[in-house]
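Taking full-length UniProt numbering, I'd label the letters of the sequence shown as residues 1 to 426.
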Amino acid sequence: MSGAGAPLRRTRGDLIATAVIAVVAVAAVLGVVATAPVREVDHTVAEGTAAIPAEPASAPTAVEADWSEPALSLAGAGRPIVIEGVTVVPGEHGARGLAPDGTQLWSYTRADRELCAAGAAWATAVLVFRDPAADAGCGDAVSLDAADGSYSATRSAPAPEKVASVASNSRVGIASPERVELWRSDLVRTVEYGDVPAKQEPDQQPHEECAINSALTRTELLAVTEDCPDDPGHTWLRFQATTPEDSRAPEMAGEVALTAGSRLVAVGQDGAAVFEPGPTPRLRSFSREGTERLSRDVAAAPAIDAAGDTGAAADDRAPEGLFLPQTADLPHHMSWFDGERLYLMHPDNLEVAHVIEDATGTGVAVGGRLVYPTAEGLAVADWDTGKVEHTIPVDRAGYTGEVDLALAGDRVIERRGDELAALRVL
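As structure tokens, this is what we get:
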């Protein structure tokens, strides 16, 4: 046949060309798969739901050593990360979730990425990784369901090279001297504050020239302290909303000029407390509008003195110049460990209720009592009066540093530097 209706005939050359194109396409697909980041992920989820023992109904009178695991010490994660009974154990390239008895439930590692920070919110563990791409920083994040390790959300965006976790029950994010950003449960950013690279619009950041040196958040409030080059004699405390109309444009509330070197140590729903250094150091509490509520003289804070101008930790992952207070929430108090003593504060106005002089870290509520670490073991105290009722001896095998506590079912979890140790309540 001939003419417009004749069928097209494939020549030998057409067949060869088609084969070459197919081979190239397959090779391209295989190349993408071979180099895709997902191939570097080793992800194991839990089989079924672990049985989490009930928390003790009464104050403990004895404990026994149960299990211990090495754990990477990360900036902003001083206390053990325990989420609904599951202990999250950070490692060089990821994390594992353990049941209260130490059984591994899930694991998530990325061989090509270094873990920068870890936090918890919304019953998920949030892991932040360093992207090996040039100038990408610690901007790869994944949230995993704490119960089984399954994916909840992911994000990837440019970030500073070193970051610390900053979190509340309703927000999680990262902080560095350059900037702070917070994310909601799907890891979409709700606010960024500070020096933002590759700005989409000018003049959205009010203090981008300043260096952030501490940051805390709770519900709808983000508080930072920062040093600014045009005012070297002061450190500024500044409050803002966690969910402004435009995440790129912070909605500022109050601000206060403080003595240089002041740092955040607690944050409430509508205010914050700062440690102000000097010949007579003070703890000062301010509303989100910047109005001073309370002030009291206190002892020097070794944790802040040790941080100095070089950061809060000797770990090379910690952002230099950023102070990371060791805090813990209790049923009726907020607490802060200053490196030598434990402060309990009322949550409404952050007034100091008790100062516990023999504490070696932050405590936890167990059976209606405050349990806090001491050099001898675990002290059990009435949080209303601050009176110690008894002390439970604990053998820490020669470890004498800071200890921070959490509760996982019927186990008290201690962080001892680069180790997590579980103590079963008897």
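All C-beta atoms in this analysis are idealised placements derived from N, C-alpha and C, irrespective of residue type, glycine included.
Subject >> Burial state of Q200 (16 or more Cβ within 10 Å) >> reply: As a first step, residue 200 is located in the sequence shown; it is residue number 200 there, counting from the start. Its Cβ having fewer than 16 others within 10 Å, Q200 is exposed.
Original post:
Which residue's Cα is closest to the Cα of V412: S73, V45, A46, G102?
Top reply: On the sequence shown, residue 412 is found 412 positions in, with the first residue counted as 1. Of S73, V45, A46, G102, the residue nearest in Cα terms is G102.
Original post:
What does a CB cutoff of less than 7 Å around C228 pick up in its chain, not counting 5 residues either side in sequence?
Top reply: Taking the sequence shown and counting its residues from 1, the one referred to as residue 228 is at position 228. These residues qualify, in order along the chain: H207, E209, C210, W236.
Subject >> Proximal residues to P347 (C-beta, below 6 Å), its chain only, five neighbours per side dropped >> reply: Looking up residue 347 in the sequence shown gives position 347. Cβ within range, chain order: G268, M334.
Subject >> Alpha-carbon spacing of A307 relative to E320, whole angstroms >> reply: For this step, residue 307 is matched to residue 307 along the sequence shown. For this step, residue 320 is matched to residue 320 along the sequence shown. Straight-line Cα distance between these residues: approximately 9 Å.
Subject >> Nearest-angstrom beta carbon gap, P281 and A301 [assumed within contact, 8 Å] >> reply: Translated into the one-based positions of the sequence shown, residue 301 becomes position 301. Translated into the one-based positions of the sequence shown, residue 281 becomes position 281. About 7 Å separates the two Cβ atoms, so the contact holds.
Original post:
Helix, strand or coil: which one does DSSP assign to D384?
Top reply: In the sequence shown, the residue the question calls residue 384 occupies position 384. Residue state, collapsed to three classes: coil.
Original post:
Which residue from L370, T400, R396 puts its Cα closest to that of S68?
Top reply: Translated into positions along the sequence shown, residue 68 becomes position 68. Here the closest residue by C-alpha is R396.
Original post:
Out of P132, P100, I304, D316, which has the shortest C-alpha to C-alpha gap to residue 441?
Top reply: Since the first residue of the chain shown is 1 and the last is 426, residue 441 is not available in this structure.
Subject >> Candidates A95, G97, T124, D131, of which the one nearest D112 by Cα >> reply: The residue labelled residue 112 in the question sits at position 112 within the sequence shown. When only C-alpha atoms are compared, the closest one is D131.
**OP:** Identify which residue in V371, R189, R424 has its Cα closest to the Cα of V403.
**Re:** On the sequence shown, position 403 is the one that residue 403 refers to. Ranking the options by Cα distance to V403, first place goes to V371.
**OP:** Check whether the Cβ atoms of G137 and A77 lie closer than 8 Å to each other.
**Re:** Indexing the sequence shown from 1 puts residue 137 at position 137. Indexing the sequence shown from 1 puts residue 77 at position 77. No. Outside cutoff.
Original post:
Relative to the alpha-carbon of P279, which residue among D384, T259, S287 has its alpha-carbon at the smallest distance?
Top reply: Looking up residue 279 in the sequence shown gives position 279. Selected option, being the one with the closest Cα: T259.
Original post:
Can you tell which of A65, L98, G361 has the C-alpha that lies nearest to the C-alpha of A71?
Top reply: Within the sequence shown, residue 71 is the residue found at index 71, counting from 1. Of the listed residues, the one whose Cα sits closest to A71 is L98.
**OP:** Would you check if the region 153-165 and the region 217-226 touch, i.e. whether three or more CB-CB distances between them fall below 8 Å?
**Re:** no
Original post:
Roughly how many angstroms separate the alpha carbons of N169 and Y193, rounded to a whole number?
Top reply: If you number the sequence shown from 1, residue 169 lands on position 169. If you number the sequence shown from 1, residue 193 lands on position 193. Roughly 20 Å separates the two Cα atoms.
Original post:
What are the residues that DSSP puts in a beta bridge with D404?
Top reply: For this step, residue 404 is matched to residue 404 along the sequence shown. Per DSSP, R415.
Original post:
How would you write the range of the beta strand (DSSP E) that A123 sits in, first residue to last?
Top reply: Within the sequence shown, the letter at position 123 stands for residue 123. Premise fails: A123 is in no beta strand (DSSP E) and is neither H nor E.
Original post:
Are the beta-carbon atoms of R110 and E40 separated by less than 8 Å?
Top reply: Locating residue 110 in the sequence shown gives position 110, counting from the first residue. Locating residue 40 in the sequence shown gives position 40, counting from the first residue. Closer than 8 Å, so yes.
Original post:
What are the start and end residues of the beta strand (DSSP E) that includes A253?
Top reply: Taking the first residue of the sequence shown as 1, we reach residue 253 at position 253. It spans 252-259 - the beta strand (DSSP E) in which A253 sits, taken as one unbroken run.
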